[in-house]
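Residue numbers (UniProt numbering): 1 to 607. For glycine and all other residues, C-beta sits at the position ideal for the given N, C-alpha and C.
Next up, the structure:
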C-alpha cells in the first residue's frame, strides 16, 4: 500500500513537534466543525418538525448526530482517509493524483516516462490484481470516462468552494445571534453589522499565513471546546442522565417511524454536525496525519459528542427553548456532495492504488456512500428554501474551472500541431539573412519536444536570435514535491554547433514558485553539473554567453475559436476563457522575469 509520508521520504519528528502541530490544527482545521452545535438542533427542529419536539424525537436526532459524526468523521476520515494522502498532501485532488499516477488517466499535457523515475513518484506495493488491471484498461480504452472523472473531481472541489463561501458567514451569524438572548432589544440589523465586522477582521488576518493564524486561533478553539464540553457534562447530570440511551441506533428507527417525511427532511439539519470534516483531509499538507488524528480523537470528538448530548439533555426538559432558525440556507447539500465524491474516489484508490479486493471497495462505498446519499436526498428539499445558493455558486465555479482547463488544452493542442521542426531552424543561417546575436535567449514554451510555433513566428518577423538558445519548458508532474536534484532536465537540441538546448523544469501544477537565482534557470551550479548531458566546451559556451546578458522570450498568445466552431465553443473560448486569461497573472509575473530583459511575442491561436 502506498502511503504519502513514509519513513522513506520523511524524517522522524519528535513528540513535541507532533503535539505542536496538533495544537495548531485546532485553530485552522476544526473551527467550522467546532461551531456546529450552534445551529444543528435549531435547524433540525425547524419547519414541520417543530411539531415533534418530544423526548423520543430529541433522542432520535441525537442518535443520528452521534452515529453520523462517529461513522463519517471518526471512522471514515480519521481511520481510513488519512491513509490515502499523496506524499503528505490531502484533499480531493490528492486522491485524483494517486489515481492518475497508477492508472494513467491524467489529461495533463507533456507527460513523459522519465517523470515516473522521480523519487516521490515511485510506488511501493504488490502487483496488480485482476480488478485493478481491469479498471486501468477500462480508463485507458475510454477517454470520455477519463474526462468524466475529471469533471466529477472538479464538481466535488467546487462544491467545497461553494460550501466555504457561506459557512463562515453562517457560523459567525449564529454565534453573534446568541447575544440577543442577553440583549433582547438588539435588532437583527445590528447582528448583521457586528457579524460583517468580525468577518472582515477574520479574513484580514489570513495573509499572515497558516503558522501565525493557527497559533492565534488555536487557544480560542481550545477554550471553546473545553467550555461546551463542560457545559454539556453539567446539562447531562443536571437535566437528564437518561440521555445516554439515545446512543442506541434503535432511536433512529423510532424517530423516522414517528416523524415520517418530516423526519427525513430534517436530516438536512443533522448533516450540519459534520460540516468541516473534509478539512481534516484537505489540510494534511499544512500539518500531518498523526497531529490531526491526535487533535480530533483526544479533544474535538469527545468535546463535541458531550456538547450534543448535553444540549439534547437540556432540550428534553425545555422543549420551548428550541430556537427557530432563520438561517435555512446552510449548505448541507454542498457538504454531503463533497463527501460523496471523496467516497467514490477512495473506492477507486482502494482498487487501483492499494490493490485491495473489489469487495472491500464495494463495502466501503456501500457503507459510507449510502449514508451520504441519504443526507444528500434530505438536503435536496432545502434547495427551494435557500439551498440553491451554494449549488449555483458551485456550478459557476465548476464552469469556470472546466472552461479554463478546456481552453488550456486547446492551446496546447495548437502548439503540438503547429510546432516548428528543428531542421527548419538549423537551416537558417547568414545566407538567408539570419543573424546570431551575443547572449542567451530563454524561450519559454509548453512543449517538451520540438520548437514552439511562437518562436517560428518570432524569427519570421525578426530574423535574429541569440548565439545560445535555451527552450525552457515549465511542466506539471503528478507528485506534490520535486527535489532540487530532479527538478531540471537539460539536453541539446539539434547539432552541437547550433548552440541550442532544452531545459525542462518539473513542478507540481504551478504549486511551487518558479523563482531561481539571478532570474534564470541556468545558474552557475547547474552549468557545472551538466557534464552528464553536455560536453565541457558547451558548458563553457553557455557561461561565456551569459556574460553578454540574458533575454527572456515569452509568447503573448490569444486563443480564438475558429470560424467553423460551434456557438458554445465560441462563447467558451472567445468570451469566458478570454476573460479568465485577461484576469489571471501574466507569465512574466509567475516566472519572476525582469521587465528590462523581457521580450514578448504576440500570436493568435485559432483553436
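Could you check which residue in 107, 116, 118 has the C-alpha nearest to that of residue 144?
107
For the region 365-372 against the region 536-549, are there 3 or more C-beta pairs whose distance is under 8 Å?
no
Per-residue DSSP class, three states only, for residue 392
helix
Put residue 184 into one of helix, strand or coil per three-state DSSP.
coil
Who are residue 464's beta bridge partners in DSSP?
435
For residue 225 versus residue 213, is the C-beta spacing smaller than 9 Å?
no
Between the CA atoms of residue 244 and residue 269 - distance to the nearest angstrom
21 Å
Inter-residue CB distance, residue 601 and residue 556 (contact presumed, cutoff 8 Å):
6 Å
Taking C-beta to C-beta, are residue 295 and residue 77 nearer than 9 Å?
no
Would you grab the beta carbon distance between residue 19 and residue 218 for me? Rounded to a whole angstrom, and I think it's under 8 Å.
That belief does not hold up - the Cβ atoms of residue 19 and residue 218 are roughly 12 Å apart, past 8 Å.
Tell me whether residue 489 sits in a helix, a strand or coil according to DSSP, three-state version.
strand
Do residue 304 and residue 229 have their C-beta atoms within less than 9 Å of each other?
yes
Taking the Cβ atom as the reference point for each residue, do residue 265 and residue 378 lie within a distance shorter than 9 Å?
yes
Our contact map puts residue 287 next to residue 235 with C-beta atoms below 8 Å; I'd like the distance itself, whole angstroms only.
At roughly 32 Å, the Cβ-Cβ gap does not stay under 8 Å, so residue 287 and residue 235 are not in contact.
At 3 residues or longer, what runs of the beta strand (DSSP E) sit wholly inside the region 191-261?
none
May I ask you to check if the CB of residue 196 is nearer than 8 Å to at least one heavy atom of the ligand ADP?
The ligand ADP is not part of this structure, which contains no ligands at all.
Between the CA atoms of residue 449 and residue 120 - distance to the nearest angstrom
24 Å
Is the region 248-259 in contact with the region 358-369, if contact means three or more CB pairs nearer than 8 Å?
no
Expressed to the nearest angstrom, what Euclidean distance is found between the alpha-carbon atoms of residue 569 and residue 285?
37 Å
Is residue 310 helix, strand or coil when you go by DSSP?
helix
Among all the DSSP beta bridges, which residues are the ones paired with residue 441?
469, 551
Quick check on the DSSP output: the alpha helix (DSSP H) that includes residue 89 runs from which residue to which?
Looking at the DSSP string, residue 89 is not in any alpha helix (DSSP H), and its letter there is neither H nor E.
Since residue 95 contacts residue 346 with CB under 8 Å, what's their CB separation in whole angstroms?
6 Å
Check whether the region 471-489 touches the region 437-445, taking contact to mean three or more Cβ pairs, one atom from each stretch, closer than 8 Å.
yes
Per the contact definition of three or more C-beta pairs closer than 8 Å, is the region 488-506 in contact with the region 131-148?
no
Can you pull the DSSP bridge partners for residue 620?
With the chain covering only 1 through 607, there is no way to say anything about residue 620.
Would you mind reading off the limits of the alpha helix (DSSP H) that contains residue 148?
143-177
Quick one: give me the first and last residue of the alpha helix (DSSP H) that residue 616 is part of.
Because the chain spans 1 through 607 in this model, residue 616 falls outside it and cannot be assessed.
In the structure shown, what three-state DSSP assignment does residue 504 receive?
strand
Exposed unless 16 or more other CB atoms sit within 10 angstroms - verdict on residue 605
buried
Around the C-beta of residue 550, are 16 or more other C-beta atoms found within 10 angstroms, so that it is buried, or is it exposed?
buried
Report the option in 128, 192, 271 whose CA atom is closest to the CA atom of residue 67.
271
What would DSSP say about residue 529, mapped onto helix, strand or coil?
Caution is warranted here: a pLDDT of 47 is assigned to residue 529, below 50, making its placement in the model unreliable, and no coordinate value can be reported.
Can you confirm whether the region 385-392 touches the region 157-165 when touching is taken to mean that 3 or more C-beta pairs between the two stretches lie within less than 8 Å?
yes
So the candidates are 457, 542, 263, 400; which of them puts its Cα closest to the Cα of residue 491?
542
List the endpoints of the continuous alpha helix (DSSP H) containing residue 28.
15-28
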